[in-house]
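There are 2 protein chains.
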Amino acid sequence: MKQLSTVLRKFGFVLLSLTLFGLAHQANAQSTDPLPSWNEGKAKQAIMQFVAKVTKEGSSDFVPPAERIATFDNDGCLWSEQPMYFQLFFAIDRVKALAPQHPEWKNKEPFASLLKGDVKAALAGGEHAILEIIMATHAGMTTEEFEQIVKDWVATAKHPTRKRHYTELVYQPMLEILDYLRANDFKTFIVSGGGIEFMRPWAEAVYGIPPEQVVGSSSKTRFEIRDGKSVIVRLPELNFMNDKVGKPISINQHIGRRPIASFGNSDGDLQMLQWATSGEGARFALYVHHTDAEREWAYDRKSSIGKLDKGLDEAKKEGWTVVDMKKDWKVIYPYMLK
Amino acid sequence: MKQLSTVLRKFGFVLLSLTLFGLAHQANAQSTDPLPSWNEGKAKQAIMQFVAKVTKEGSSDFVPPAERIATFDNDGCLWSEQPMYFQLFFAIDRVKALAPQHPEWKNKEPFASLLKGDVKAALAGGEHAILEIIMATHAGMTTEEFEQIVKDWVATAKHPTRKRHYTELVYQPMLEILDYLRANDFKTFIVSGGGIEFMRPWAEAVYGIPPEQVVGSSSKTRFEIRDGKSVIVRLPELNFMNDKVGKPISINQHIGRRPIASFGNSDGDLQMLQWATSGEGARFALYVHHTDAEREWAYDRKSSIGKLDKGLDEAKKEGWTVVDMKKDWKVIYPYMLK
Numbered sequence: 001m002k003q004l005s006t007v008l009r010k011f012g013f014v015l016l017s018l019t020l021f022g023l024a025h026q027a028n029a030q031s032t033d034p035l036p037s038w039n040e041g042k043a044k045q046a047i048m049q050f051v052a053k054v055t056k057e058g059s060s061d062f063v064p065p066a067e068r069i070a071t072f073d074n075d076g077c078l079w080s081e082q083p084m085y086f087q088l089f090f091a092i093d094r095v096k097a098l099a100p101q102h103p104e105w106k107n108k109e110p111f112a113s114l115l116k117g118d119v120k121a122a123l124a125g126g127e128h129a130i131l132e133i134i135m136a137t138h139a140g141m142t143t144e145e146f147e148q149i150v151k152d153w154v155a156t157a158k159h160p161t162r163k164r165h166y167t168e169l170v171y172q173p174m175l176e177i178l179d180y181l182r183a184n185d186f187k188t189f190i191v192s193g194g195g196i197e198f199m200r201p202w203a204e205a206v207y208g209i210p211p212e213q214v215v216g217s218s219s220k221t222r223f224e225i226r227d228g229k230s231v232i233v234r235l236p237e238l239n240f241m242n243d244k245v246g247k248p249i250s251i252n253q254h255i256g257r258r259p260i261a262s263f264g265n266s267d268g269d270l271q272m273l274q275w276a277t278s279g280e281g282a283r284f285a286l287y288v289h290h291t292d293a294e295r296e297w298a299y300d301r302k303s304s305i306g307k308l309d310k311g312l313d314e315a316k317k318e319g320w321t322v323v324d325m326k327k328d329w330k331v332i333y334p335y336m337l338k
Numbered sequence: 339m340k341q342l343s344t345v346l347r348k349f350g351f352v353l354l355s356l357t358l359f360g361l362a363h364q365a366n367a368q369s370t371d372p373l374p375s376w377n378e379g380k381a382k383q384a385i386m387q388f389v390a391k392v393t394k395e396g397s398s399d400f401v402p403p404a405e406r407i408a409t410f411d412n413d414g415c416l417w418s419e420q421p422m423y424f425q426l427f428f429a430i431d432r433v434k435a436l437a438p439q440h441p442e443w444k445n446k447e448p449f450a451s452l453l454k455g456d457v458k459a460a461l462a463g464g465e466h467a468i469l470e471i472i473m474a475t476h477a478g479m480t481t482e483e484f485e486q487i488v489k490d491w492v493a494t495a496k497h498p499t500r501k502r503h504y505t506e507l508v509y510q511p512m513l514e515i516l517d518y519l520r521a522n523d524f525k526t527f528i529v530s531g532g533g534i535e536f537m538r539p540w541a542e543a544v545y546g547i548p549p550e551q552v553v554g555s556s557s558k559t560r561f562e563i564r565d566g567k568s569v570i571v572r573l574p575e576l577n578f579m580n581d582k583v584g585k586p587i588s589i590n591q592h593i594g595r596r597p598i599a600s601f602g603n604s605d606g607d608l609q610m611l612q613w614a615t616s617g618e619g620a621r622f623a624l625y626v627h628h629t630d631a632e633r634e635w636a637y638d639r640k641s642s643i644g645k646l647d648k649g650l651d652e653a654k655k656e657g658w659t660v661v662d663m664k665k666d667w668k669v670i671y672p673y674m675l676k
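Residue numbers (our numbering), protein chains in the order written: chain A, 1 to 338; chain B, 339 to 676.
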């Protein structure tokens with residue numbers, strides 16, 4: 001220690017700091033591939049070139065860290081969405097759990113079919129049936145009670161065919177993109193059609209995205225004092241549907257800056273990608289194209305879930321990056337690693 | 339440099355890093371008073387004791403950095419609000435600027451009185467009149483056009499009696515609180531009844547609070563494609579009134595975590611303070627009490643603007659911190675420093 005402090009005095013703190021900075025910088029430059037689950041190709045190259053240019057100080061494309069906002073859809077972009085949105089599996093599990101308190105559901109659609117195990121018949125009622133299922137299962141409790149219900153479900157429920165927890169069905173290559181952007185001083189947001197309070201309880205652990213950076217569809221709520229403590233109660237009424245034109249509107253409301261990069265996978269993300277790319281300066285948009293029937297699912301223009309039709313045309317016209325899941329991704333889910 | 343690298347090899351990088359960390363830590367502990375514009379007293383002591391305990395690792399009151407959320411009202415808490423909310427001065431200036439395009443205003447209240455310079459008569463119409471003035475001046479343009487209008491106004495307009503730019507009328511002691519909390523890994527948010535898009539254009543420069551951490555009242559908006567570029571247009575319709583029970587609701591919607599500290603000055607902030615303080619663990623609530631008729635303004639229980647009545651009673655009952663502006667603050671505005 002004596003020798004060390006002599007050197008500190010001799011060379012001065014500043015010189016030493018500069019040297020250490022140099023060493024750290026060198027270590028960084030030698031670091032390994034930030035996107036190891038991506039095959040070399042146009043998609044990987046496009047994202048890396050974009051990040052390189054907006055982070056290069058003095059370049060005309062440089063963007064200050066505070067303005068490096070990136071938005072991600074969730075269903076089909078960060079985790080799978082087949083054979084139906086995972087939140088619907090949650091809702092159906094909740095119908096089963098709540099059925100003893102609702103004897104009337106035995107004779108009332110869509111609940112009757114659900115309780116008999118006939119999901120297809122239950123969902124035959126279309127959007128109206130889905131909304132009824134959501135409202136019956138997502139309202140009536142405090143926000144803190146709902147958070148616990150979601151946490152319990154995420155910890156236990158499994159996907160019917162993959163036999164994995166739903167949060168295991170997240171895309172390893174997209175987790176790498178999130179990490180890579182944050183390592184380059186981007187702030188990453190989820191902007192999803194899914195329920196904002198359905199995603200927040202696990203988004204931080206799974207994606208590294210804190211609650212305040214999760215934007216989604218929402219229910220109306222009511223503030224109440226119960227036994228001298230304040231609570232917020234979830235009401236069975238839609239507040240905001242965060243899909244299509246709803247996405248740029250909620251981005252403006254919630255973030256207040258135009259993202260410089262945006263990631264989606266369906267026509268529901270089209271307006272978000274348009275919003276991000278029509279600002280000034282360097283911009284980046286990416287569509288995940290589901291092309292891998294073997295390792296994940298293959299669907300696009302005619303799918304009832306995650307339809308990608310207009311978006312594919314717009315991506316071609318605008319030169320957006322389209323990920324070919326089958327060719328571009330070495331692995332799909334983290335559990336496939338090694 | 340040769341000697342230095344010898345030492346680096348000899349002692350190893352880790353040991354050296356630890357030493358540097360120790361030096362930095364020592365420098366930090368020796369730093370000066372973080373709240374120099376606060377007189378010693380109960381209020382200053384309360385905030386500093388709170389921050390000390392929630393940041394002390396191993397303590398039962400320790401709060402991880404990600405959960406250190408602090409919310410601040412704006413009008414009357416971070417800047418002045420007399421003789422009327424500053425946003426209303428903005429709206430009136432806009433009425434004057436837009437009058438040539440609206441010949442019909444000459445014969446239509448509340449515009450006719452405003453254009454004659456009789457603000458009192460114009461506002462005699464109460465909330466309805468104010469809403470009409472706001473809608474006529476805050477809608478019809480894109481969000482980016484509105485941002486520029488606000489920036490131009492903030493850069494030029496002056497308070498009628500203080501003869502200062504409005505952003506000079508921010509409270510120096512509260513700026514110090516914001517800095518102090520952020521230095522202790524708090525995330526600071528504005529949660530104001532003011533317009534979200536009226537505050538965002540200058541909140542980052544003035545308060546160090548980025549747009550995504552500003553929550554406020556909002557108008558409805560519409561997404562449009564104009565000449566191949568996407569824009570968001572502001573509509574003359576209220577989307578959300580961020581006052582009273584609206585504050586905890588918007589905090590839940592926007593932040594998704596209960597704040598552990600909350601700062602306000604009026605009954606409009608009461609529910610926000612209740613929401614923050616009725617969570618588990620250490621909590622902090624503070625009311626700025628306007629007691630300084632000489633350096634600022636003095637008002638509370640009977641004021642039409644920034645009324646603080648129920649809140650004063652609740653603060654006493656709950657043991658919240660109440661700042662006596664006259665006694666607790668050495669200076670009010672930054673320009674009074676030195």
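Beta carbons are placed, not taken as given, at the ideal position from N, Cα and C, and that holds for glycine.
Predicted model, so just to flag it, every value in this text is computed and none were measured.
Mind checking which residues open and close the alpha helix (DSSP H) that includes Asp52(A)? The identity of residue 52(A) in the sequence shown is Ala, whereas the question assumes Asp. That run of the alpha helix (DSSP H) goes 42 to 54.
Between Gly566(B) and chain A, is any beta-carbon pair separated by less than 9 Å? yes
Say whether the segment 137 to 157 of chain A touches the segment 306 to 315 of chain A, bearing in mind that this needs 3 or more beta-carbon pairs closer than 8 Å, one atom from each stretch. no
Is Trp635(B) closer than 9 Å to Ser375(B) when the C-beta atoms are compared? no
Between which residues of its own chain and Thr277(A) is the CB-CB distance below 8 Å, once the five residues before and five after are set aside? Ser262, Arg283, Phe284, Ala285, Glu318, Trp320
Taking DSSP as the reference, what is the three-state secondary structure of Ala365(B)? Reliability of the predicted coordinates at Ala365(B) is poor, the pLDDT of 45 falling under 50, and the value obtained from them is presented with this limitation in mind. Helix, per DSSP.
What is the DSSP secondary structure of Ile232(A), reduced to helix, strand or coil? strand
For the segment 162 to 179 of chain A and the segment 201 to 215 of chain A, state whether three or more C-beta atom pairs, one from each stretch, are separated by less than 8 Å. yes
Do you know how far the Cα of Lys489(B) is from the Cα of Val231(A)? 38 Å
Can you tell me which of Thr71(A), Asn184(A), Pro248(A), Glu127(A) puts its alpha carbon nearest to the alpha carbon of Ser304(A)? Glu127(A)
Please report how far the alpha carbon of Val343(A) lies from the alpha carbon of Phe72(A), in whole angstroms. Not covered by the structure: residue 343(A). The range shown for chain A is 1 to 338.
Suppose contacts are defined by Cβ-Cβ distances below 9 Å. Is Met663(B) in contact with Arg639(B) by that definition? no
Take Thr559(B) and list the residues in its own chain whose beta-carbon comes closer than 8 Å to its own, dropping the five residues that flank it on each side. Thr481, Ile570, Val571, Arg572, Leu573, Asn577
So with Cβ pairs under 9 Å, would you call Lys676(B) a contact of chain A? no
Do you know offhand how far Met199(A)'s Cα is from Val215(A)'s? 9 Å
Taking Phe186(A) as the reference, give the member of Asp33(A), Pro64(A), Gln49(A) with the closest Cα. Pro64(A)
Counting pairs of beta carbons, one from the segment 486 to 501 of chain B and one from the segment 580 to 588 of chain B, are three or more of them closer than 8 Å? no
On the CB-based measure, 16 or more other CB atoms within 10 Å of its CB, does Thr137(A) come out buried or exposed? buried
Can you tell me which of the three DSSP states Phe284(A) falls into? strand
Collapsed DSSP secondary structure at Ala653(B) in the structure displayed: helix
Quick check on Met512(B): buried or exposed, where buried means 16 or more other Cβ atoms within 10 Å of its Cβ? buried
Beta-carbon of Phe223(A) versus every beta-carbon of chain B: anything under 9 Å? yes
Is Ser218(A) buried or exposed, if buried means 16 or more other CB atoms sit within 10 Å of its CB? buried
Check whether the Cβ of Pro248(A) lies closer than 9 Å to any Cβ atom in chain B. yes
Counting only Cβ-Cβ distances shorter than 9 Å, please list the residues of the segment 192 to 207 of chain A near chain B, keeping chain order. Ile196, Glu197, Arg200, Glu204
Could you tell me the alpha carbon to alpha carbon distance between Val661(B) and Met135(A), rounded to whole angstroms? 44 Å
Please tell me whether Lys106(A) has its Cβ less than 9 Å away from any Cβ of chain B. no
Smallest Cα separation from Asn522(B): which of Val626(B), Ala460(B), Asn580(B), Phe388(B)? Phe388(B)
Chain B contact residues for Asn252(A), given Cβ-Cβ distances below 8 Å: Thr481, Thr559, Ile570
Give me the Cα-Cα distance between Glu212(A) and Asn590(B), rounded to the nearest whole angstrom. 9 Å
Closer than 9 Å by beta-carbon distance: list the chain B residues that pair up with Ser218(A), in chain order. Gln591
From the DSSP output, in three-state form, read off Ile471(B) for me. helix
Buried or exposed (CB count within 10 angstroms, at least 16 for buried), Phe400(B): exposed
Give the secondary structure of Lys244(A) by DSSP, where H, G and I count as helix, E and B as strand, and everything else as coil. coil
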